[in-house]
Amino acid sequence: MVEANRKQQFLQRITERLNRPRPRQVTPPDLAPWDNHSEETKADRVGRFSEEAEQAGAEVRMVRDEQSLRKLIDSDLKKDGFKKVLTWKETAPLLEGTEGIQVCIWEPDRDRMAQLREAEQSDVGLVRAEWGLAFTGTLVLWNDEKRGRGRAVSLLPPVLYVVLDADHIASRMFPVLKKIENKNKMVSCLNFITGPSRTSDIENDLSLGVHGPGRVQIYVVEKAGV
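Residue numbers for the sequence shown follow the working numbering, beginning at 22 and rising by one.
1) Grab the span of the alpha helix (DSSP H) containing L98 for me, first residue to last.
2) Is the segment 64-80 close to the segment 112-127, with three or more CB pairs under 8 Å?
3) Would you call the CB atoms of G146 and L98 closer than 9 Å?
4) On a Cα-Cα basis, can you pick out the residue from F195, R133, E87, R34 that is closest to A113?
5) Looking at C-alpha atoms only, which residue of S209, R34, P196 is the closest neighbour of L153?
6) Keeping to the same chain, check which residues put their C-beta closer than 7 Å to that of N212; ignore five residues upstream and five downstream.
7) Using only alpha-carbon positions, find the residue among L160, P178, R34 that is nearest to R138.
8) Less than 8 Å between the CB of R27 and some heavy atom of the ligand MG, yes or no?
9) Quick check on the DSSP output: the alpha helix (DSSP H) that includes L195 runs from which residue to which?
10) Which residues in the same chain as F156 place their Cβ atom closer than 6 Å to its Cβ, once the five residues preceding and following it in sequence are excluded?
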């Protein structure tokens, strides 16, 4: 009781010094519930994801199916003048038939330091996102060295190509976290990526690509299946 009185006296002194009435009640903010946007359709989620991702600085390309995806990736690699691609094992089939470009596959059984040097020298990394979050345009990557999903593939090259299935775009983070919670085995690293790497110093000067790829290109596939 004594402690409560001291607190009230302290607050009263502050109020008097500020020369204004002391608030007696607080109106809670009107927050949206955790499941808002739950009525969105797939088209709504894809549209909002694309809009938010582009506002965060990413480039979004819509693709009809995996066959079209292969052609578009091949075209983009040549258009951008890339000579060396680092990719996960599961996304390597997307690069089959690509000519004039060196393809390096991250494999758990190879020498790690040698692969890190390859990652540093690669022009672009190619991975597949497990999920996309529409409300922020965020990509969710499940990194697992044992499955050939090295994190360096999405971190070290200056450019990142990401494949995302349209059916795997959720409105918000909650349903994705529930799915992760229900998995029998947790992956070694859960990576959330929102646009290219951004770094700002004490003078508020923004730099891209300092702590990760400076460019992120997302391929949203309507009908997936490598």
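Every residue, glycine too, gets a C-beta built ideally from N, C-alpha and C.
Let me lay it out:
1) 87-100
2) no
3) Not in contact: G146 and L98 (Cβ atoms no closer than 9 Å).
4) Of F195, R133, E87, R34, the residue nearest in Cα terms is E87.
5) Checking the sequence shown, residue 153 turns out to be Gly, not Leu. The candidate whose alpha carbon is nearest that of G153 is P196.
6) So the qualifying residues of the chain are L162, N164, R172, S175.
7) P178
8) As for the ligand MG, it is missing from this structure, which has no ligand bound.
9) It is worth fixing the name first, because residue 195 is Phe in this sequence and not Leu. First-last of the alpha helix (DSSP H) with F195: 194-202.
10) Correct list, in chain order: R193.
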